[in-house]
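Sequential numbering from 986 applies to the sequence shown in our numbering.
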Amino acid sequence: MTGAYEGWYYNEDGSRSFLVGYYNRNSQQELDIPIGPNNRIEPGGPDMGQPTHFLPGRQWGMFMVPAPKDFKPTDSYTWTIVANGQTTSIPLRLHADYVMSPFSEIAVGNTPPVLRFEQGGKGVQGPLATPATAVSRTASVSAPLTLPLWLNDDMKFTSGTSAPPSGQRAPVTVRLSKYRGPGAVTFDKARPEVEKLPTGPSPFNGRASVTVKFSEAGDYVIHVTANDYSGDGGGGFGCCWTTAMVKVAVK
């Protein structure tokens, strides 16, 4: 298990953020590693919003870490993970080679999907997921959570050849996963179909709904990723996908 530093970017207000994912070399095994000596970001941590539940394979840009205003290019955070007796560490630095543009792909002006948890509610656009800005919901072990999602997209695409996507690929795809929590989390559809709506503010307007079950009481965080035509990790271009989190208090 190793963290994966995707890069850093400027926010609209001029502040800077690190974008971080991970690579779980286990092809099937999901791992739970609590915040602490075996899962820490330092200095300032150990908890800086990183996951405690790790999915198999490569997971792109799962969370962001704000960089302090006085953070220099020579400064760094270090994310250390200990899994199955193996220790890995990665640095997070504001190095010029790692600057990225996750909010707009320059060549064609592609932008990430807009994700909402309420119809007409506040939208999230770009890889901005962090527990500090998660929406809050409640559920119980006996009463699953129904989580509706609304999505809008410009239907632009980014590819090496500028060729339009082939096949019947949907303009927007969504994936939900457990990010933190004490028990098992089950989705009726972790990758729900996004239903196209007849009207809306964007070239593509859609809706999806997911039912989430929890095996035991406690505090959980659900991670949501919305990809446009570019696919996972923006197809290598660093744009365009959106991430958000949902905190769920389960009784």
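In this text, a Cβ means the ideal position worked out from N, Cα and C, and glycines have one as well.
No experiment lies behind these values; they were computed from the predicted model shown.
Item: Validate contact between the stretch 1208–1217 and the stretch 1071–1084 using beta carbons, cut 8 Å, 3 pairs; Value: no
Item: Straight-line Cα distance separating Phe1056 from Leu1113; Value: 19 Å
Item: Lys1198 versus Ala1124: straight-line alpha-carbon distance, rounded; Value: 9 Å
Item: Of the listed residues Cys1225, Val1235 and Met1230, nearest to Ile1091 (C-alpha basis); Value: Cys1225
Item: Ordered list of alpha helix (DSSP H) runs contained in the stretch 1015–1083, each at least 4 residues; Value: none
Item: Segment limits, beta strand (DSSP E) that includes Thr1196; Value: Phe1189 to Phe1199
Item: Alpha-carbon to alpha-carbon, Val1179 and Lys1107; Value: 19 Å
Item: Minimum C-alpha distance to Gly1021 - residue among Met1047, Gln1035, Arg1001 and Asn1011; Value: Gln1035
Item: Spatial distance of Gly1223 from Asn1069 (CA atoms); Value: 30 Å
Item: Residue of Ala1229, Ala1234 and Thr1063 minimising C-alpha distance to Leu1100; Value: Ala1229
Item: Separation of Glu1015 from Thr1196, as counted between CA atoms; Value: 21 Å
Item: Candidates Trp1135, Pro1188, Thr1184 and Lys1232, of which the one nearest Gly1203 by Cα; Value: Lys1232
Item: Assumed close pair Val1170, Leu1134 - CB separation to whole angstroms, cut-off 8 Å; Value: About 16 Å separates the two Cβ atoms, so there is no contact after all.
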